[in-house]
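Going by our numbering, the sequence shown opens with residue 1483, and the numbers climb by one from there.
Every residue, glycine too, gets a C-beta built ideally from N, C-alpha and C.
Taking it in order: structure first as structure tokens, then the write-up.
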Amino acid sequence: AVCTQTGIIVTGSLDKTARVWKREQGRDNYENIQVLEGHSDSVFAVAVCTQTGNIVTGSWDKTARVWKREQGRDNYENIQVLEGHSGSVRAVAVCTQTGNIVTGSEDKTARVWKREQGRDNYENIQVL
């Protein structure tokens, strides 16, 4: 995933992590600025919310995680685990207008997670 707002790239990995990359100042190279750890299985889906700057990761561990950027810093912390799927989370997307999250799973469902107004807390409001 690429975030045009912050200039970062986020990648998922078989090693149960996601990595955040930032372009080096004045260069065309990217450097790894953080490894996001917390999933218990491979991370196959990543998205970045242009509205909040939050990162969303989806994993074979049947969860998605929301990572919040610390104010004024290039550091992210896990603020919520989105649970409810009975299969691997293979797709994640963030609505640029509302900040709501959609997760898609091998359990043949998609879930819509609504962001509470002005807060970084998400509630599952619909199973598709």
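Residue pairing from DSSP places Lys1504 in a beta bridge opposite Ile1490 and Glu1513.
Looking only at Gln1608, Thr1534 and Thr1580, the smallest Cα-Cα distance to Thr1591 is reached by Gln1608. About 16 Å separates the beta carbons of Trp1503 and Glu1519, which is beyond the 8 Å limit, so they are not a contact pair. Between Glu1552 and Glu1559, the C-beta spacing is below 9 Å.
Leaving aside the five residues that flank Asp1523 on each side, the residues in its chain whose CB is nearer than 7 Å to its CB run, in chain order, Lys1498, Ser1541, Trp1542 and Asp1543. Judged by their CB atoms, Arg1597 and Ile1583 are nearer to each other than the 9 Å cut-off.
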